[in-house]
Structures are given as C-alpha cells and as structure tokens.
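Okay, structure first, notes after.
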Ligand code: NI
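Numbering (the numbering used here), first residue to last: 10 to 144.
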C-alpha cells in the first residue's frame, strides 16, 4: 500500500532575483521589488513528501527522525539566515526563485533517501505562493 508522509521545516533567508544577462531595466520590469539591489527576506517553508510502501516491521514509510535529520543537516543548517545569492554555492549562478530553490533542495535530498521511495519538494515563499518539484 503506497502511502505518503510529509515533513515540514522552516528557514529564513534573503535573496535577490536578478538575471545578469538582462539589462537593469528588464530585470526591474520582470522581477519588480524582488530585484531590489539590497536584497529582501522570506520565511521559507520546505515540505518534503515521501511516498512508498509501509514497511511491515515498523509500520513506517520512512522514520521521521531520519527525515528530520536529513532536512535539518542539509537544508536548514545550510540555508537558514543566509543570503542565498552571496552565501551559497548553489545560488551563486542560479537565480534563487522558489522554483530553483525547490529543485536545488530536491537534488540535495534525493540521494539521501532510499531509491524505492518517491520524493517531492514543496517550497513556500509566502503563505500564498508555493512551488512543487518535480511537478
Ligand atoms: Ni523574494
């Protein structure tokens, strides 16, 4: 019986949406306030969905303590209170949109979860805007 479990974590981070290949005017037009040169912050939430068979011996899809540990060590400790553009390798040359943050988080977490389990990442940038990866 395939079952999904979810774990949510939070991190606060600053970013600036900017494409160096575009002019300042184009960046301003596309990204608006999010292009503000002095950065701005978000209270991000990451929700990780893990889907798989319930293991008979434990009754678990995945031990939530292990999932929490993976998220804490590799996402929260990495990105919390960071400037994503300036302080991280991942977003040095990647625009830190919620879409790209979701993909980067997926790439970090995927190899740490058993291959028999499906993984989806949700990044909430605001209460109303969130992204799913992979779709
Ligand atoms: Ni923003």
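Glycine included, each C-beta is placed from N, C-alpha and C at the ideal position.
On a predicted model such as this, the values are computed, not experimentally measured, just so you know.
For residue 77, the enclosing alpha helix (DSSP H) begins and ends at 73-80.
When Cβ pairs closer than 8 Å are counted between the two stretches, the stretch 121-138 is seen to touch the stretch 64-79, the count reaching three or more.
Note that the stretch 76-87 touches the stretch 13-28; at least 3 beta-carbon pairs, one per stretch, sit closer than 8 Å. Distance check between residue 63 and each of 13, 24, 111 and 39 places 13 closest, using alpha-carbon atoms only. DSSP places residue 19 inside the beta strand (DSSP E), whose first and last residues are 11-24. When beta bridges are read from the DSSP output, residue 130 appears opposite 57 and 142.
A heavy atom of ligand 1 is found nearer than 6 Å to the CB of residue 43. With distances taken between CA atoms, residue 11 lies nearest to 128 out of 136, 128 and 139.
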